[in-house]
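Residues 58 to 406 (the numbering used here) make up the sequence shown, in order.
The beta carbon of each residue, even a glycine, is placed where N, CA and C say it ideally should be.
Step one of this worksheet: look at the structure below.
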Amino acid sequence: MRNGKVGIGIVGAGNIAALHARVIANLPQAELIGIYDVKKASAEALASQFGCQAFDDYSEFLSVAEMDAVTIATPSGLHGTMAIPAAKAGKHVFCEKPLDITLEKADAIIQACVKNNVILSPVFQGRFARPVQLVREAMRNGRFGRMVLASGQMRWYRGAAYYSGSNWRGTWKMDGGGALMNQAIHMVDMLLYINGAPDEVFAFSGTLTHSIEVEDNLCAAIKYRNGSFGTIEVSTSCAPGFHRRVEFSGSEGTVAFEEDKITIWEFAKPQEGDDQILTTQMESRIGSGGRNPMDINDMGHRMQMEDFCNAILENREPLLGGREGRRAIELICGIYESAKTGKPYKFSR
Ligand SMILES: NC(=O)c1ccc[n+]([C@@H]2O[C@H](COP(=O)([O-])OP(=O)(O)OC[C@H]3O[C@@H](n4cnc5c(N)ncnc54)[C@H](O)[C@@H]3O)[C@@H](O)[C@H]2O)c1
58 MRNGKVGIGI
68 VGAGNIAALH
78 ARVIANLPQA
88 ELIGIYDVKK
98 ASAEALASQF
108 GCQAFDDYSE
118 FLSVAEMDAV
128 TIATPSGLHG
138 TMAIPAAKAG
148 KHVFCEKPLD
158 ITLEKADAII
168 QACVKNNVIL
178 SPVFQGRFAR
188 PVQLVREAMR
198 NGRFGRMVLA
208 SGQMRWYRGA
218 AYYSGSNWRG
228 TWKMDGGGAL
238 MNQAIHMVDM
248 LLYINGAPDE
258 VFAFSGTLTH
268 SIEVEDNLCA
278 AIKYRNGSFG
288 TIEVSTSCAP
298 GFHRRVEFSG
308 SEGTVAFEED
318 KITIWEFAKP
328 QEGDDQILTT
338 QMESRIGSGG
348 RNPMDINDMG
358 HRMQMEDFCN
368 AILENREPLL
378 GGREGRRAIE
388 LICGIYESAK
398 TGKPYKFSR
């Protein structure tokens with residue numbers, strides 16, 4: 058650590074890498090050291106914007122001593138391929154979602170980080186949004202009574218060019234799935250983070266409006282381990298794209314939010330402060346890209362990156378640690394299995 062700052066390198070120099078670079082450059086406890094991409098021109102273009110070094114040789118990149126940590130921003134199916142050597146080189150890992158596209162590959166990253174004693178923080182910036190934190194606290198305090206329903210709806214839009222302009226989006230091998238694995242994974246993570254693990258799912262999926270291998274529409278019914286039910290409805294076909302909605306109902310309360318705006322906050326036993334929840338919506342906007350994939354405000358990444366750097370500096374676990382990254386992948390893969398077999402999928406305990 059130089060001057061109390063965490064030296065960070067970025068792996069992959071595409072869309073989300075530019076946001077990573079901006080976040081790192083603006084964080085007092087971080088320093089952007091270098092950017093690696095298989096396409097040297099991409100690494101150079103981003104590195105020159107941020108005044109750091111560009112690399113097209115991964116071993117050379119990983120051997121830079123001032124680099125304490127890396128962020129993984131390559132296509133999803135390559136996250137393990139990049140993260141595991143980084144962990145072996147002693148670099149802490151901040152890995153974009155999904156941690157990888159199968160549970161086996163995600164577990165291999167988790168194990169490599171544990172074995173090499175480096176911190177792993179899988180990106181789920183949506184967890185840092187105000188509604189998510191408020192609902193989680195209400196749930197922990199038992200305000201919902203008996204949980205009965207926890208559901209999410211994502212009616213988003215991606216045009217044909219979004220897929221045709223990329224060599225990895227919309228492929229099983231590198232994207233690991235479609236609307237559910239790529240776009241809706243944040244919503245899936247929120248449902249699990251707040252309502253706990255799934256017990257069983259049944260799903261339908263299809264490719265209805267795009268020329269891609271993976272699904273652009275999917276609907277799943279879930280039974281959670283706590284006995285409640287829910288639906289997950291996702292699409293990248295709904296032009297022009299709408300706000301993502303997440304809803305939780307128990308015998309004593311219901312909360313709903315659209316993106317980071319709370320629309321319902323009703324409890325049978327009101328508490329002080331409840332009245333202000335709807336009227337004092339924060340100016341913050343985590344932003345999730347319902348119409349445009351680059352419409353992501355950097356606040357969530359900033360909060361998670363800040364915690365990641367502080368965890369390194371303070372030698373503690375990050376708020377969002379390695380195993381948290383596997384939960385949504387487990388549910389998503391179970392949903393895909395059900396859609397493929399036409400049978401319910403039961404999760405092992
Ligand atoms: N957290 C979020 O909200 C969010 C938003 C967008 C993307 N993502 C995730 O970030 C990742 C990247 O997405 P993107 O939209 O930036 O993709 P992108 O296609 O814009 O960029 C990927 C970059 O990786 C490079 N690359 C490919 N193979 C490589 C390799 N072997 N080594 C090094 N670089 C390599 C490509 O040249 C490209 O520059 C994906 O996993 C995606 O799911 C997360």
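Distance between residue j and residue i (C-alpha atoms, nearest Å)
{"i": "Y93", "j": "V127", "result": "10 Å"}
{"i": "S341", "j": "M244", "result": "At S341 the pLDDT is 45, less than 50, meaning the model places this residue with poor confidence; the figure from the coordinates comes in the next sentence. Using only the alpha carbons, I get a separation of about 18 Å."}
{"i": "T336", "j": "A122", "result": "50 Å"}
{"i": "S268", "j": "A130", "result": "25 Å"}
{"i": "P85", "j": "H300", "result": "33 Å"}
{"i": "A169", "j": "A100", "result": "26 Å"}
{"i": "I242", "j": "C390", "result": "11 Å"}
{"i": "R278", "j": "M351", "result": "Correcting the residue identity first, residue 278 is Ala in this sequence and not Arg. Spanning the two alpha carbons is a distance of roughly 30 Å."}
{"i": "G227", "j": "N174", "result": "34 Å"}
{"i": "N354", "j": "P179", "result": "18 Å"}
{"i": "R187", "j": "G61", "result": "29 Å"}
{"i": "A313", "j": "T320", "result": "6 Å"}
{"i": "R197", "j": "V205", "result": "15 Å"}
{"i": "A104", "j": "G91", "result": "7 Å"}
{"i": "A78", "j": "L89", "result": "7 Å"}
{"i": "F151", "j": "A144", "result": "11 Å"}
{"i": "A163", "j": "R59", "result": "31 Å"}
{"i": "I65", "j": "G284", "result": "43 Å"}
{"i": "S405", "j": "D256", "result": "8 Å"}
{"i": "L370", "j": "K148", "result": "13 Å"}
{"i": "E374", "j": "D232", "result": "28 Å"}
{"i": "L249", "j": "R203", "result": "16 Å"}
{"i": "Q106", "j": "N224", "result": "25 Å"}
{"i": "A165", "j": "V171", "result": "10 Å"}
{"i": "K326", "j": "P132", "result": "47 Å"}
{"i": "A82", "j": "C109", "result": "10 Å"}
{"i": "D332", "j": "N252", "result": "24 Å"}
{"i": "T266", "j": "A98", "result": "34 Å"}
{"i": "N372", "j": "P401", "result": "43 Å"}
{"i": "A140", "j": "D113", "result": "16 Å"}
{"i": "R302", "j": "R359", "result": "23 Å"}
Best match in the options for proximity to residue i [C-alpha to C-alpha]
{"i": "D246", "options": "G199, D331, V189 and S285", "result": "V189"}
{"i": "V80", "options": "R383, Y219, E363 and E387", "result": "E363"}
{"i": "K230", "options": "E270, T266 and S262", "result": "E270"}
{"i": "E304", "options": "F201, I166, N83 and A163", "result": "F201"}
{"i": "P142", "options": "E161, F151 and S116", "result": "S116"}
{"i": "D125", "options": "N367, G399 and R384", "result": "N367"}
{"i": "D317", "options": "M356, S308 and G287", "result": "M356"}
{"i": "R184", "options": "Y402, I167 and A385", "result": "A385"}
{"i": "R383", "options": "A207, I167 and K403", "result": "I167"}
{"i": "K307", "options": "G199, N224, G399 and T398", "result": "Checking the sequence shown, residue 307 turns out to be Gly, not Lys. Ranking G199, N224, G399 and T398 by Cα distance to G307 puts G199 first."}
{"i": "K280", "options": "N372, F365, D113 and K403", "result": "K403"}
{"i": "K96", "options": "K326, A111 and D332", "result": "A111"}
{"i": "A102", "options": "N372, D114, A70 and P132", "result": "A70"}
{"i": "N349", "options": "I251, T398, Y220 and D114", "result": "Y220"}
{"i": "T398", "options": "D113, V258 and D114", "result": "V258"}
Check whether residue i and residue j have beta carbons under 8 Å apart
{"i": "Q2", "j": "Q361", "result": "Absent from the model: residue 2. The displayed extent of the chain is 58 to 406, so no value can be given."}
{"i": "L119", "j": "A146", "result": "yes"}
{"i": "A87", "j": "V68", "result": "no"}
{"i": "G310", "j": "E323", "result": "yes"}
{"i": "A236", "j": "L275", "result": "yes"}
{"i": "G234", "j": "E272", "result": "yes"}
{"i": "R282", "j": "A260", "result": "no"}
{"i": "G209", "j": "I334", "result": "no"}
{"i": "G347", "j": "G298", "result": "yes"}
{"i": "L160", "j": "E315", "result": "no"}
{"i": "G287", "j": "A195", "result": "no"}
Any chain B beta carbon closer than 8 Å to residue i
{"i": "A74", "result": "This model lacks chain B altogether; it includes just one protein chain."}
Query - Segment contact flag, the segment 372-385 with the segment 156-165, C-beta cutoff 8 Å, min 3 pairs - result: Output reads yes: the segment 156-165 touches the segment 372-385.
Report task. For the segment 186-206 and the segment 386-399, state whether three or more C-beta atom pairs, one from each stretch, are separated by less than 8 Å. Result -> Pairwise C-beta distances place the segment 186-206 out of contact with the segment 386-399, as fewer than three of them are shorter than 8 Å.
Query raised in the report: Which runs of the alpha helix (DSSP H) fall wholly inside the segment 224-278 and span at least 4 residues, in chain order?
Result: DSSP assignment within the segment 224-278 yields the following whole alpha helix (DSSP H) runs of 4 residues or more, N-terminal first: 229-232 and 242-252.
Query raised in the report: Is the segment 70-87 touching the segment 133-141 in the sense that three or more CB pairs, one from each, lie closer than 8 Å?
Result: Counting Cβ pairs under 8 Å, fewer than three are found: no touch.
Query raised in the report: How about the segment 203-223 and the segment 280-293: do they share at least three Cβ pairs that are nearer than 8 Å?
Result: Verdict: yes, contact present.
Requested in this report: At 4 residues or longer, and completely inside the segment 107-135: list those alpha helix (DSSP H) runs for me, N to C.
Outcome: With a minimum length of 4 residues, the continuous alpha helix (DSSP H) runs that stay inside the segment 107-135 are 115-119.
Query raised in the report: At which residue ranges does the segment 140-193 contain complete beta strand (DSSP E) runs of 3 or more residues, listed in the order of the chain?
Result: Here the runs fully enclosed are 149-152 and 177-179.
Query raised in the report: Could you give the uninterrupted runs of the beta strand (DSSP E) lying entirely in the segment 313-383, keeping only those of 3 residues or more?
Result: Whole beta strand (DSSP E) segments, 3+ residues: 318-324.
Requested in this report: Report the residue ranges of all alpha helix (DSSP H) runs contained in full by the segment 63-99; include only those spanning at least 4 residues, in chain order.
Outcome: Listed in chain order, the complete alpha helix (DSSP H) runs (minimum 4 residues) inside the segment 63-99 are 72-82.
Report task. Just list the beta strand (DSSP E) runs in the segment 281-317, keeping only unbroken ones of 3 residues or longer that don't cross its boundaries, in chain order. Result -> Within the segment 281-317, the complete beta strand (DSSP E) runs of at least 3 residues are 286-292, 302-307 and 310-315.
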